[in-house]
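A.B. asks: Respectively, the protein sequence lines represent chains X and F.
Position in the first sequence counted from 1, then plus 1, gives you our numbering.
Position in the second sequence counted from 1, then plus 1, gives you our numbering.
The C-beta atom is built at its ideal place from N, Cα and C for all residues, glycine as well.
Below is a structure I'd like to ask you about.
2 protein chains.
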Amino acid sequence: MHLLLVEDDAMLGEAVCDGARQGGWTIDHVCDAPAARLALIDHAYAAVLLDIGLPGESGLSVLRAMRGRYDPTPVLMLTARGQLSERIHGLDAGADDYIVKPFQFDELWARVRSVIRRSQGRVIPVFSHGDIEVDRSRRVVSKAGVEVTLSAHEYRTLLALLERPGHVVTRDHLQDAVYGSASAVESNTIAVFIHQLRRKLGDDLIRTVHGHGYVVGQPRP
Amino acid sequence: MHLLLVEDDAMLGEAVCDGARQGGWTIDHVCDAPAARLALIDHAYAAVLLDIGLPGESGLSVLRAMRGRYDPTPVLMLTARGQLSERIHGLDAGADDYIVKPFQFDELWARVRSVIRRSQGRVIPVFSHGDIEVDRSRRVVSKAGVEVTLSAHEYRTLLALLERPGHVVTRDHLQDAVYGSASAVESNTIAVFIHQLRRKLGDDLIRTVHGHGYVVGQPRP
DNA sequence: CTCGGGCTTAAAGAGATATTAAAAACTCTG
DNA sequence: CAGAGTTTTTAATATCTCTTTAAGCCCGAG
């Protein structure tokens with residue numbers, strides 16, 4: 002079981018990571034919202050432990066982005082004492098539970114187990130389109146049952162497209178998905194990734210919409 | 002039959018070890034949770050005698066870690082009188098039985114025999130992948146029926162990989178598996194162990210996933 | 001037909017991983 | 001307790017993969 006911890010306090014973060022590993026989980030730790038975004042694109046986690054009070058971009062916006070693209074991964078908010086409105090906003094935005102800092106670790110793990118258990122009914126998404134399948138929990142992509150290896154950037158590009166089948170995804174959006182919103186790249190990297198994806202997965206999967214971007218999905222009538 | 006005793010009280014520990022040897026068992030004795038973790042990775046024991054009230058990290062977390070990775074080794078908790086909640090948590094976390102300190106040795110051995118007998122039905126895992134076999138109870142690895150000798154660190158690295166076939170295991174996770182969570186090593190030790198494993202077991206077993214870690218492929222169906 | 005966006009390619013630059021070999025730390029044995 | 005043999009760590013180098021760049025070609029829209 003893979004968890005994601007989004008927490009800027011290094012001490013607390015380390016402690017939570019240790020605890021998680023002792024509990025038999027594996028856990029990734031990121032310190033800010035942009036990193037969290039990228040991690041969530043890369044993997045399907047069993048649950049996310051999300052500090053709301055992040056420096057810069059708030060944890061809430063990460064949560065909103067997740068729910069905006071129908072990512073059902075359970076989210077447990079970590080909030081500071083007294084921030085009642087944060088909690089309300091969080092639950093409103095689709096968090097599954099919250100715990101107030103400072104907390105007992107035992108309680109934290111109990112809540113994590115609880116949100117995971119409650120989410121068992123939900124399906125962990127395995128994107129598929131035609132003979133292409135993406136298992137996000139293993140980070141494995143296959144075509145006609147044969148495993149295909151993708152680089153990190155190729156994988157992120159593909160996921161960003163598969164998340165909205167039938168919708169045109171702009172180059173800018175893809176750039177965000179690959180590099181985070183602080184996109185500092187020039188040149189035609191996205192075009193190159195698209196080209197690699199087509200080479201590895203076949204020309205039919207990704208259609209280009211001239212002047213707009215790319216689509217995965219049924220040809221529009 | 003091999004037992005593991007996790008107990009910080011030196012006197013009691015010695016006494017239990019003596020008793021076990023007289024009873025025809027062999028027994029390893031460790032004094033804290035991290036040591037217990039490592040011992041459990043190294044060997045498959047017939048049973049674990051686990052003191053819950055350890056200094057530092059609780060015995061419960063050891064138990065949870067075991068069950069978290071589906072280690073079916075029977076666990077007999079040693080608890081102090083009156084710690085009812087500990088006992089409940091322990092059984093909850095997957096302990097097989099408990100005994101209250103101070104105890105009669107006769108009763109202890111009766112309970113040990115009992116949990117071992119009850120566990121006979123369970124399967125002691127023998128990992129295998131292709132022509133590679135790992136017998137955890139004997140700590141023996143063989144390739145195509147020929148025994149291969151691995152050093153302690155190589156063995157731990159291999160087990161950490163085999164525990165999640167088909168999943169990418171990060172370098173950090175391997176580091177934890179080899180050194181415990183207080184990983185204080187620099188340099189590329191993990192890379193070296195992987196290299197040795199490939200040399201001894203063949204290049205096909207462990208695949209590297211660039212930027213993520215290593216995978217042992219799913220056993221061919 | 002022309003223009004601009006899109007595609008393809010190859011190669012340089014980064015970054016990650018593999019491979020060594022030797023030093024340091026253990027272990028075992030006499 | 002010393003010395004031989006092993007394991008573990010370090011570190012430097014080599015190799016490989018991924019990423020980015022840039023230049024030229026192709027194609028669609030107007």
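Check the DSSP bridge columns for R208/X and list the partner residues they point to.
C.D. replies: Mapped onto the first sequence, residue 208/X falls at position 207. Per DSSP, V216/X.
A.B. asks: Does V135/F pass the burial test, meaning 16 or more other C-beta atoms within 10 Å, or should it be called exposed?
C.D. replies: Here residue 135/F corresponds to residue number 134 of the second sequence, with the count starting at 1. Counting Cβ neighbours within 10 Å, V135/F comes out buried, since at least 16 surround it.
A.B. asks: Is the distance from the Cβ of V141/F to the Cβ of I133/F below 9 Å?
C.D. replies: Numbered from its first residue, the second sequence carries residue 141/F at position 140. Numbered from its first residue, the second sequence carries residue 133/F at position 132. No; because the gap between Cβ atoms is not below 9 Å, this pair is not in contact.
A.B. asks: Sorted by chain position, which residues of the same chain lie with C-beta nearer than 6 Å to E58/F's C-beta, five sequence neighbours on each side aside?
C.D. replies: One-based indexing of the second sequence puts residue 58/F at position 57. Excluding five sequence positions before and after E58/F, the CB atoms of its chain that fall closer than 6 Å to its own CB belong to A34, given in chain order.
A.B. asks: When you compare the CB of V76/X with every CB in chain F, is at least one pair closer than 9 Å?
C.D. replies: Counting from 1 along the first sequence, the entry for residue 76/X is found at position 75. Taking Cβ atoms only, chain F never reaches closer than 9 Å to V76/X, which makes this a no.
A.B. asks: Which one or two residues does DSSP pair with Y99/F in a beta bridge?
C.D. replies: In the second sequence, counting from the first residue as 1, residue 99/F sits at position 98. Per DSSP, M78/F.
A.B. asks: On the DSSP bridge assignment, give the partners of V127/F in chain order.
C.D. replies: Working through the second sequence from its first residue, we reach residue 127/F at position 126. D136/F.
A.B. asks: Are the CB atoms of I207/X and L151/X within a distance shorter than 9 Å?
C.D. replies: Within the first sequence, numbered from 1, the residue matching residue 151/X stands at position 150. Within the first sequence, numbered from 1, the residue matching residue 207/X stands at position 206. The answer is no: Cβ separation not under 9 Å.
A.B. asks: Using the three-state DSSP reduction, which class does A34/F fall into: helix, strand or coil?
C.D. replies: Taking the first residue of the second sequence as 1, we reach residue 34/F at position 33. The answer is helix: DSSP assigns A34/F an H, G or I state.
A.B. asks: Determine the closest residue to I191/F out of D177/F, K201/F, G54/F, with distance taken between C-alpha atoms.
C.D. replies: Numbered from 1 along the second sequence, position 190 holds the residue referred to as residue 191/F. For the residues D177/F, K201/F, G54/F, the minimum Cα distance to I191/F belongs to D177/F.
A.B. asks: What's the call for R221/X, buried or exposed, on a 16-neighbour Cβ count within 10 Å?
C.D. replies: Taking the first sequence and counting its residues from 1, the one referred to as residue 221/X is at position 220. Bear in mind that a pLDDT of 40 at R221/X, under 50, signals an unreliable position, so the number given afterwards is only what the model happens to contain. So R221/X counts as exposed.
A.B. asks: Which residues, in order along the segment 6 to 31 of chain X, keep a beta-carbon less than 9 Å from a beta-carbon of chain F?
C.D. replies: C18, D19, G20, R22, Q23, G24, G25, W26, T27, D29
A.B. asks: How about G91/F: is its C-beta nearer than 9 Å to some C-beta of chain X?
C.D. replies: Locating residue 91/F in the second sequence gives position 90, where the first residue counts as 1. By this cut-off, G91/F is not an interface position.
A.B. asks: So which residues of chain F does A153/X contact, with C-beta pairs closer than 9 Å?
C.D. replies: Locating residue 153/X in the first sequence gives position 152, where the first residue counts as 1. H211, G212, H213, listed in chain order.
A.B. asks: Pull up the DSSP beta-bridge partners for L5/X, would you.
C.D. replies: Taking the first residue of the first sequence as position 1, residue 5/X is located at position 4. Per DSSP, D29/X, V49/X.
A.B. asks: How would you call H174/F, buried or exposed, if buried means at least 16 neighbouring beta carbons within 10 angstroms?
C.D. replies: The residue labelled residue 174/F in the question sits at position 173 within the second sequence. The residue is buried, with at least 16 neighbouring Cβ atoms inside 10 Å.
A.B. asks: Quick one: using the 10 Å Cβ neighbour count with 16 as the cut-off for buried, is P103/F buried or exposed?
C.D. replies: For the purposes of this step, residue 103/F is taken as the residue at position 102 of the second sequence. Exposed, because fewer than 16 other Cβ atoms sit within 10 Å of the Cβ of P103/F.
A.B. asks: At a CB-CB cut-off below 9 Å, which residues of chain F make contact with R140/X?
C.D. replies: By one-based count along the first sequence, residue 140/X stands at place 139. Correct list: H168, V169, V210, H213.
A.B. asks: In angstroms with no decimal places, state the Cα-to-Cα distance between R68/F and G218/X.
C.D. replies: Sequence index remark: in the second sequence, residue 68/F carries index 67 (1-based). Sequence index remark: in the first sequence, residue 218/X carries index 217 (1-based). Taking the straight line joining both Cα atoms gives about 43 Å.
A.B. asks: Over what stretch of residues does the alpha helix (DSSP H) that includes S59/F continue unbroken?
C.D. replies: In the second sequence, counting from the first residue as 1, residue 59/F sits at position 58. That residue, S59/F, is in no alpha helix (DSSP H); it is neither H nor E in DSSP.
A.B. asks: Between C32/X, L39/X, G214/X, which has its C-alpha nearest S182/X's C-alpha?
C.D. replies: Taking the first sequence and counting its residues from 1, one reaches residue 182/X at position 181. When each option's Cα is compared against that of S182/X, the closest is L39/X.
A.B. asks: Does DSSP put E148/X in a helix, a strand or coil?
C.D. replies: Taking the first residue of the first sequence as position 1, residue 148/X is located at position 147. Here E148/X sits in strand by DSSP.
A.B. asks: For C32/F, which residues from the same chain have a beta carbon less than 6 Å from its beta carbon, with the 5 sequence-adjacent residues on both sides left out?
C.D. replies: Within the second sequence, the letter at position 31 stands for residue 32/F. Cβ contact annotation for C32/F (same chain, cutoff 6 Å, sequence separation greater than five): D9, in chain order.
A.B. asks: Answer with yes or no whether the minimum CB distance from D204/F to chain X is below 9 Å.
C.D. replies: The residue given as residue 204/F occupies position 203 in the second sequence. Chain X, which has no Cβ nearer than 9 Å to the Cβ of D204/F, makes this no.
A.B. asks: List the residues of chain X whose Cβ lies closer than 9 Å to the Cβ of H3/F, in chain order.
C.D. replies: Residue mapping note: residue 3/F aligns to position 2 of the second sequence, counting from 1. Correct list: empty, because the minimum Cβ distance to chain X is about 22 Å.
A.B. asks: Report, in whole angstroms, the separation of the C-beta atoms of I115/X and D98/X, which I expect to be a contact under 8 Å.
C.D. replies: Numbered from its first residue, the first sequence carries residue 115/X at position 114. Numbered from its first residue, the first sequence carries residue 98/X at position 97. A quick correction: the sequence has Ser, not Ile, at residue 115/X. At roughly 7 Å, the Cβ-Cβ gap stays under 8 Å, so S115/X and D98/X are in contact.
A.B. asks: Answer with yes or no whether the minimum CB distance from T190/X to chain F is below 9 Å.
C.D. replies: By one-based count along the first sequence, residue 190/X stands at place 189. Taking Cβ atoms only, chain F never reaches closer than 9 Å to T190/X, which makes this a no.
A.B. asks: According to DSSP, T171/X sits in a beta bridge with which residue or residues?
C.D. replies: Residue 171/X sits at position 170 when you count from the first residue of the first sequence. Answer is G214/X, bridged to T171/X.
A.B. asks: List the whole-angstrom C-beta distance separating L13/X from A48/X, where the pair is believed to meet the contact cut-off of C-beta under 8 Å.
C.D. replies: Stepping through the first sequence from its first residue, residue 13/X is reached at position 12. Stepping through the first sequence from its first residue, residue 48/X is reached at position 47. The pair is not a contact, with the Cβ atoms about 17 Å apart (cut-off 8 Å).
A.B. asks: Need the endpoints of the alpha helix (DSSP H) that E187/X sits in, please.
C.D. replies: To locate residue 187/X, count along the first sequence from 1; it is residue 186. Counting along the chain, no alpha helix (DSSP H) covers E187/X, and no H or E run does either.
A.B. asks: In chain X, which residues lie less than 9 Å from R65/F when you measure between Cβ atoms?
C.D. replies: For the purposes of this step, residue 65/F is identified with residue 64 of the second sequence, where counting begins at 1. Here the neighbours are Q23, G24, G25, W110.
A.B. asks: Taking S138/X as the reference, give the member of H168/F, L55/F, D205/F, V7/F with the closest Cα.
C.D. replies: One-based indexing of the first sequence puts residue 138/X at position 137. For S138/X, the nearest C-alpha among the options comes from H168/F.
A.B. asks: Among A11/F, A66/F, T74/F, which has the Cα closest to the Cα of Y46/F?
C.D. replies: Position 45 of the second sequence, counting from 1, holds the residue named residue 46/F. Nearest of A11/F, A66/F, T74/F to Y46/F, Cα basis: T74/F.
A.B. asks: Output needed for L160/F: all residues of its chain with C-beta closer than 8 Å, excluding positions within five of it in sequence on either side, in chain order.
C.D. replies: Mapped onto the second sequence, residue 160/F falls at position 159. Excluding residues within five positions, the ones whose Cβ falls inside 8 Å are I42, F128, V135, R137, A178.
A.B. asks: Can you pull the chain X neighbours of E58/F, defined as C-beta to C-beta under 8 Å?
C.D. replies: In the second sequence, the residue the question calls residue 58/F occupies position 57. Result: Q23.
A.B. asks: Does the beta carbon of A145/F come closer than 9 Å to any beta carbon on chain X?
C.D. replies: Counting from one through the second sequence, the residue named residue 145/F turns up at place 144. Chain X, which has no Cβ nearer than 9 Å to the Cβ of A145/F, makes this no.
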